[in-house]
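Comments concern the structure below.
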Amino acid sequence: MPAFINTNIASLNSQRNLNGSQGSLHTSVQRLSSGLRVNSAKDDASGLAIASRMESQIRGLNQAIRNASDGISLAQTAEGALGTIQSNLARMRELAVQGANATSNADIASLDAEFTQLNAENSRVIQATIFNNIPLLSAAVNQTFQVGANSAAGVDDLTITTAAALIPTSTTLGDSSTAAQAEIVKLDMDIAAVSSLRASFGSAQTRFESAISNLQIAAENQTASRSRIMDTDYAAETSALTRAQILQQAGTAMSAQANQSPNGVLTLLRG
C-alpha cells in the first residue's frame, strides 16, 4: 500500500465517519431530550407537514367538544327551569281540582292566593331562564353550535330549535268552583306544552352527548396518529444513541491512529 505524507487518506476517511457519527449522536440526544422524533423539517419534511395538518384537526376537534359541552349546558339550563315550572303546574292543577270541589268563595280565594303565587313564580322563571344572553323560554330558540372540526353544514353543526315562547294560559282560579274546573283544562294544556319543551331540550342534550363521544374518539385517533409521526420511540432511539456513542469512540481512536501513519514514512527515511 502506498505511503503518502501530503495526503492522509485514512485520516480523512476517519474524520468523515467521525463527523457522521457526531451528527447521529446529536440527533439522538435531541430526540431523547425533547421527546420528539421530528424537531425540524430536515428530520422528516413530509411527516412534519402531515403532523401539522393533524394538529389543526385535533385542535378543531377539541374546540368542537367544548362547543358541544356549551350546547349541553344550554339544554340543561332550560330543562332544569322547565322541571321547576312543571312541578309548580302540577301543584296548581292540584289546587284547581281542590277548588272545583270548594263549597264557598272564601275557600276559592284561599286556594287562589297560592295559585297566583305559583303562577307568578313560573312567569319569573320563564323570564330569568337565560344562557349566555340567549332567552330560552321567553322566546323561540334557534341556536346553532359548531360541533365539528370542519365546515360541512348539517354534519359539523347542531341546532337547538323551539317553535315559540312558553306562555302559560292558566293564571288564576277565578272566584267559583266552575271557574276552577275550567282551569284544569288550561293547566293540562300548559303541562303538555312544558313536557314538549322538555322533550326537545332533552333530545338535544342526547345529540350533543353523542357528538362529544364521537369527537373524543376522533381526537384520540388523530392524536395517536400524530404521535406515531412526531414522538420519539425511546427504545429505538436509545439503541441509536448507544450505536452513535460507540462509533464516536471508535472514530476518535481510529482518527488518532490514522494521524500517526505519516510517522511510518519518517522511519523509512531514517533507514
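In short: position in the sequence shown from 1, add 79, done, that's our numbering. Just so you know, even glycine gets a beta-carbon here, dropped at the ideal spot from N, CA and C. All of these numbers come straight from a predicted model, not from anything done at the bench.
| Query | Result |
| --- | --- |
| Please name the residue, chosen from Arg138, Asn96, Thr251 and Ser125, that lies closest to Gln301 on a Cα-to-Cα basis. | Arg138 |
| List the endpoints of the continuous alpha helix (DSSP H) containing Thr182. | From DSSP, Thr182 is part of no alpha helix (DSSP H); its letter is neither H nor E. |
| List the whole-angstrom C-beta distance separating Leu104 from Val117, where the pair is believed to meet the contact cut-off of C-beta under 8 Å. | 18 Å between Cβ atoms; not a contact. |
| From the DSSP output, which residues share a beta bridge with Ile196? | As written in the sequence, residue 196 is Gln, which differs from the Ile given in the question. Partner(s): none; Gln196 has no beta bridge. |
| Pick out whichever of Gln142, Ala290, Ser275 and Ala332 has its Cα sitting closest to the Cα of Gly162. | Ser275 |
| For Leu252 and Leu168, what's the separation of their Cα atoms in angstroms? | 13 Å |
| By how many angstroms is the C-alpha of Ala207 removed from the C-alpha of Arg132? | 44 Å |
| Beta-carbon within less than 6 Å of Ala283's beta-carbon, same chain only, minus the 5 sequence neighbours each way: which residues are those? | Ala154 and Ile239 |
| At which residues does the beta strand (DSSP E) containing Ile239 begin and terminate? | Asp236 to Thr240 |
| Compare the Cα-Cα distances from Ala298 to each of Ser183, Val226 and Arg277 and report the closest residue. | Val226 |
| Just to confirm before moving on: does the CB-CB distance between Ala157 and Leu216 stay below 9 Å? | yes |
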